[in-house]
Amino acid sequence: MFYRLTIQGAVCIQVVCSLLFAQQPPREQWGAPAVTVSHADGKWMVAGKRHKVALDQTDLSMKIEAGSATWGMAPSSGDDMLVKSRGQEFYLRLADAGKVEITPYDTGYKTGVKIRLEQFRHNGLLNKGLELDLAICLTICLEGKAEELVCEAVAIEREASVRQLDWPKELDAADVDYTVLNHVRGNLLPRNWPEEYHPYRNVPGGQESLIAGDTSVIQSNLIECWSMSWWGFQKGASAMMLIVETHDDAAYTFAHPAGGPTVLGPRWLASLGRLRYPRSVRMCFFGKGNYVNLCKRYRRHVMDTGQFVSLKEKIAREPLVAKLIGTPHLRQHALRNYKPGGHRYDPNHPERNYKVTTFDELAEQLRKLKSGGVERLYVTLAGWPYLGYDRQHPDVLPPAPAAGGWEGLKRWVDTCKELGYIYNLHDQYRDYYVDAPSYDPQFAVHEEDTVSRPTAFPGTRFGTWKEGHIPFMDYWDGGKMAYMNARLAPGHLVKNYQLMFDRGIKMQGSYLDVFGYVPPTEDFNPEHPLTRAGCMKYRAECFRWARNNLGIVGTEAGADWVVPYVDYSSGANAGRCISVPLYSLVYHDAIMTPEGGLGDHLRCLLNGGYAGVPRDVENKKSMDLMRRICALHERVALLEMTHHEFLDKTRRKERSTFADGTTVTIDRDAGACEIRPEL
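In this text, residue positions in the sequence shown follow the working numbering: the first is 974, and each later residue adds one.
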C-alpha cells in the first residue's frame, strides 16, 4: 500500500512540475533582458530592443548600433596582450589563438557571447612557436533595460602570465567630435585639436622640461591622467562612455597626434606580475547627450557602488566637517630646511636652504587675521616636523625645536582654539627618507627585478634610480628617499599622533598628503607583498583612523577612490584643451575642493569651491573676493552641480547650475562673474 501511494504521489508531483515548467513565463516577465544571440557569415550578433552588437569572429572587431549612432571597436592587433613565459616577455594578437571557441552566454541578467581563446604560441626569441599554457576568456553582453554593453576578461594563467591586456580595443575615432577625458578635473579634447596631446604631459605647472622627459605611464588613480574611472565620446547629438568597473589595476591606451584623431581604449595592468582576477568595463550609450549626461551616469554608478559618500553623510559622522562650509583655508609653514647634498640644496645661496617661522610667530599671524576681520578659518600647519618640511618621514617628532618644539606647538594649538579657528597638520606617509630613524630597506617598496627601469611615480618624472630592487629618488626637501610599503602607514600614523596625545596636543584633523594624487604602489618583496588594491586599503585605514580620532580629513588632489574617506582635497589643474567641470558634476556635494581658488577665482566660483586667504590681507579687493567665494560656498557646498554649459562659440562664457537653482555665469574676457540669485 505504501509503495502504491508513493508511486501515485510521485506521478502527481511529476504532473504538477510538468505544468509549472510548461507555464514558465517569457524571459522579460522574470526580469531577463530581451536579447537574442545569433551567428551567420562569420559574425555573431547580440541584439536587444535598443542596441545591437556585431562581433567579427575572424578579427574580434565590434560594431555597436545604438539608436542613430554606430560605434566601432578596432580589430585585434599584434600588441593586444603582453605575456611572460619562460623568462621572456612578448606581445601576442588575441585573434592569433590556435583555438577560438565562441558560444552564447546568458547569466539571466545579461546576455551575449563568450569567447575562449587557447593554444597561443610563444613569440620570444628562445622558445618561438612553443604552445603556451594559457587561456583567455572574454564575454560581451548587453545588460539590463538600458542594454549597456559589459565586456569582461579573465586570464587562466599557469606557467605563462599576462602582464598587460588591451581589450576591448580602442574606439574608431574617425568621426568622433570630442573625447571626454577625466584627467585632473575634466577636459574635452576635439578630434582635430591642432597640437599633440597627452594627459599627464599637458598639466600646467611650470615644469614642462621635467614633463617632456617623463617616463611615467598612464595608470588608474594618478590624478594627472585618471581622476575618475571613466571616459567618453561625443558624436553629433549622440554620446557614449566607458566605466571601468575594475579600476585597481587599470590604465588606457592613448594617442592624439597634432590634428588628431584621439585613439583611446582600456588597458588592464598586471597585479604583482599576473592578471589574476576578472576585469570589467561597461559601455553606456546615449541617443542624445553630452559630457553632462555622462557625468550623471557615472554619479549613479558611484552611488550604487558606495564610492559616493555625500558631505551630509560625512557631517553626520563627524559634525566638525560642517564648520568647513563657507570657511577659507590657510596654510602656514614653520620650517624649510633643505638637506645638504640633496637636489634642492643650493651651496651657492645658503639663504635659500633654511627658513624658520616659529610657532609663536605663526600664532601671532593668526591673531592679526582675527583682528583684521577673518572670523572663521581652517588652518593647515606644514613644516612642523623635527627637521622641517618633507624631512625624515615617517619619523617626524618631536616638533621642530627651531620653531619652538613641543611647547611652541602646544601654544599654537591653544591660540587656534582661543580664536575659534579649526586647525590640523600637513602630514605624509608614503615618502620614506633614508635618514629617518626607523628607515629599514626591507620596508621600502621593492620592484619586480633589479635590471629594468624604475617605475615608481613620481621618480619617473623627477629622476630615479634603483639599488637592487628598491627605487629611489632625490627631489624633495629631504633628499634621498624610497617609498614606504603602505602596510606600515597606519602604524606610523598612530605612533605619531599618540605621542601628541600624550603631550596634551589634539589636532582637529589631518591633511594626508599625496594619497589622493599619486597612484597606489605595488611591493614585490616576498616578505611583505602588496598589491595596488592592498595599498589603497592601508591608505584608507589612515583616513578612517584620522576621522575617528582627529576629525576632519583632507588629501591632495582627490582621485575619486578617496571620496568615501575624505572631506576635502587640495586643488587640481584644469588641463590644456577645453576644461569642463566633470569632477564637480559628479562629486560637488561629496568632497570640498578649491578648483582654482584665488589664483583662478572665476573657475573657483563656477565650481562652487572653497576659498583661500589672500597673501595680502590688507588688500580690500582680494578680501572682498575671498568673502564672495565663501558666501557662495556657504550656499552651495552641500548641493549637487546639476548642469554646466558654454554660452558662446569661443567657450569664454560658461554657466554652472546647482540643485537649488543657483546659477554662476563667468565671462573670462570681461573677468566677471554673475551669481543668481545674488548672494
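Quick reminder that beta carbons are idealized off the backbone N, C-alpha and C, glycines included.
C-alpha of Ile1298 to C-alpha of Tyr1362: approximately 28 Å in a straight line. Contiguous alpha helix (DSSP H) elements confined to the region 1409-1484 occur at 1432-1435, 1462-1475, taking only those with 4 or more residues. When secondary structure is reduced to three states using DSSP, Gln1002 falls in the helix class. Around the beta carbon of Lys1479, fewer than 16 other beta carbons sit within 10 angstroms, so the residue counts as exposed.
Judged by DSSP in its simplified three-state form, Thr1300 adopts coil rather than helix or strand. Rounded to the nearest angstrom, the gap between the Cα atoms of Gly1081 and Glu1074 is 21 Å. For the pair of segments examined, the region 1546-1556 was found not to touch the region 1494-1512: the number of CB pairs separated by less than 8 Å stays below three. Runs of the beta strand (DSSP E) lying entirely within the region 1322-1349, each at least 3 residues long, are 1327-1329 in chain order. Put simply, the region 1087-1098 touches the region 1051-1062. At least three CB pairs are less than 8 Å apart. Residue state for Trp1166 is assigned as coil, using DSSP reduced to three classes. Taking C-alpha positions only, Thr1084 is separated from Asp1277 by approximately 22 Å. Only exposed fits Asn1165, as fewer than 16 other CB atoms lie within 10 angstroms of its CB. With contacts defined as CB atoms closer than 8 Å, Val1559 and Met1201 qualify as a contacting pair.
The criterion of a C-beta distance shorter than 8 Å is not satisfied by Gly1585 and Gly1527. In the three-state DSSP reduction, Asn1310 falls in the strand class (E or B). In the DSSP annotation of this structure, the continuous segment of the beta strand (DSSP E) that includes His1012 starts and ends at 1009-1013. The C-beta of Glu1120 has 16 or more other C-beta atoms within 10 Å across all chains shown, which makes the residue buried. Boundaries of the beta strand (DSSP E) around Asp1640: 1636-1640. Glu1627 places its beta carbon less than 8 Å from that of Leu1579. When DSSP assignments are scanned along the region 1481-1563, the uninterrupted stretches of beta strand (DSSP E) that are 3 or more residues long and fall wholly within it turn out to be 1482-1485, 1525-1528. Selection Ser1344, Glu1286, Leu1107, Pro1371 evaluated against Gly1071 yields Leu1107 as nearest (Cα-Cα).
Under the 8 Å Cβ criterion, the region 1559-1573 counts as touching the region 1274-1293, having at least three qualifying pairs.
Straight-line spacing of the CA atoms in Leu1598 and Glu1334 works out to 27 Å. By the neighbour-count definition (other C-beta atoms within 10 Å, threshold 16), Lys1593 is an exposed residue.
In this structure, DSSP gives Ser1283 a state outside helix and strand, which the three-state scheme calls coil. Per DSSP, reduced to three states, the secondary structure at Cys1603 is helical.
DSSP, read as helix, strand or coil, puts His1574 in helix. Burial is judged here by how many other beta carbons sit within 10 angstroms of a residue's own beta carbon; Gln1415 has fewer than 16 and is exposed. Taking the C-beta atoms as reference points, Gln1137 is found nearer than 8 Å to Leu1242.
Your pair Tyr1484 and Thr1353 checks out as a contact, with CB atoms roughly 5 Å apart and the cut at 8 Å. Across the structure, Lys1622 and Arg1255 are spaced so that their CA atoms are roughly 32 Å apart. Per the C-alpha coordinates, the member of Ser1344, Glu1291, Met1054, Tyr1556 positioned closest to Ala1519 is Glu1291. For the region 1236-1290, the continuous alpha helix (DSSP H) assignments of 4+ residues that do not extend past its boundaries occur at 1264-1278, 1284-1290, in sequence order. Beta-bridge partners assigned by DSSP to Trp1199: none are found. Between Arg1304 and Gly1569, the alpha-carbon positions lie close to 15 Å from each other. Between Leu1605 and Gly1581, the CB-CB gap stays under 8 Å.
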